Amino acid sequence: MKRRILVIGIGAGNPDYVTIQAVDALNRVNVFFIPDKGIEKDGLARVRREICERFIRDQSYRTVAFEVPRRRPAAEDYGTAVADWHDAVEGVYQQLLMEELEEDECGAFLVWGDPTLYDSTLRILDRLQAKGGFELEYDVIPGITSIQALAARHKVTLNRIGQSIAITTGRKLAEGFPNNADSVVVMLDGEGAFAGLDGDLDIWWGAYVGTPDEILVSGKLREVVGDIERIHKQAREQNGWIMDTYLLKQPD
Ligand SMILES: C[S@@+](CC[C@H](N)C(=O)[O-])C[C@H]1O[C@@H](n2cnc3c(N)ncnc32)[C@H](O)[C@@H]1O
């Protein structure tokens, strides 16, 4: 039996970000696999639930919640920690596909933002396909990324005329500002890596973008860095979790 899966990008926070193509896809799904990601789960699960209730005409679909294995802190070797984590997640996905999908049914993963940006779903499905043992076919529906949402809310163009944009993580930024980069978008920054940078940079920062809790701050880094650090800390304490992204540009 062939397993059919849709990997649907649902946009990064606001249910209005869901595209017409995603709505069509949502209406073809029999089983939604919903990750349980611990503390953030309430906020993220609320948006996923709202999307399913609002956009699916026939509410007879099933949902299967699954526990996402935790990645161990990667102080020693980031690559090995991620590879081990992928093995564990792959096992969980395989079990879901083998045990929860009936003949001719379509399963789906609803991916925050877009499935091709800092998300492992496609990599894991590719690994399962390569491993063989059962037939798996999947399609990808693009979604609005947190980068697009951030730029739109700040009404800022990501690139300067004719220049390039780098997309990176807080971990990489902590090693230094990307060489030759003019504009840099930073994601997955738990530690506030912007604080160690040249104060002359311009920053456009956003947390929970697109959601009712959205916070936006922008300005010269040296003038707003303290505000962002304070707001970041407060928001994380209040909500128990935070998702923030920012754009940095070299001064004109
Ligand atoms: C695992 S990545 C997922 C990215 C997602 N696939 C996308 O297309 O945006 C999670 C990171 O995305 C960023 N992010 C996602 N949603 C966000 C939002 N609503 N507001 C601000 N940042 C967000 C944060 O940097 C967070 O650490």
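Basically the numbering used here = 1-based index in the sequence shown + 71. Backbone N, C-alpha and C define an ideal beta-carbon position, used for all residues, glycine too. Since the structure is predicted, the reported quantities are computational estimates derived from the model, not experimental observations.
Quick one: what's got a C-beta closer than 7 Å to P140's C-beta in the same chain, skipping five residues either side?
Setting aside the 5 residues that flank it on each side, P140 is surrounded in the same chain by W156, A159, V160 and V163, each with a C-beta closer than 7 Å to its C-beta; the list follows chain order.
Considering only the alpha carbon of each residue, which of Q234, G270, Q219 and L193 lies closest to G184?
Ranking the options by Cα distance to G184, first place goes to Q219.
Quick one: what does DSSP say V89 is sitting in, helix, strand or coil? Under the three-state reduction of DSSP, V89 is assigned to coil, being neither helix nor strand.
**Asked** In its own chain, which residues sit with a C-beta less than 8 Å from the C-beta of A264, not counting the 5 before and 5 after it?
**Response** Same-chain partners within the cutoff: G241, R242, L244, A245 and V257.
Quiz item: Beta carbon of L193, beta carbon of P186: below 7 Å?
Solution: Going by C-beta atoms, L193 is nearer than 7 Å to P186.
What are the partner residues of S254, as DSSP defines its beta bridges?
For S254, which the question treats as bridged, DSSP gives the partners I236 and K320.
Comparing alpha-carbon positions, which option in D284, L229 and G203 lies nearest Q309?
-> Minimum Cα-Cα distance from Q309 among the listed residues D284, L229 and G203 corresponds to D284.
*Would you decide whether S235 is buried or exposed? Buried here means 16 or more other CB atoms lie within 10 Å of its CB.*
Result: exposed.
(Q) Give me the residue from G311, D323 and L318 with the minimum Cα distance to L54. (A) Look at the range of the chain in this structure, 72 to 323, and you will see that residue 54 is not part of it.
Among G270, S217 and G267, which has the Cα closest to the Cα of L287? Ranking G270, S217 and G267 by Cα distance to L287 puts S217 first.
Notebook entry, point to check: How about V280: is its Cβ closer than 6 Å to a heavy atom in ligand 1?
Noted result: Indeed, a heavy atom of ligand 1 lies less than 6 Å from the Cβ.
Using the beta-carbon count (16 or more within 10 Å), is F205 buried or exposed? It is exposed - the Cβ of F205 has fewer than 16 other Cβ atoms within 10 Å.
Sequence-distant residues of the same chain with beta carbon closer than 8 Å to V342, five excluded per side:
This structure leaves residue 342 out entirely; the chain is present only between 72 and 323.
N-terminal and C-terminal residue of the alpha helix (DSSP H) that A154 is part of:
Its alpha helix (DSSP H) spans residues Y149 to E171.
How many Å lie between D298 and D273 at the Cα? Answer to the nearest angstrom: the Cα atoms are 14 Å apart.
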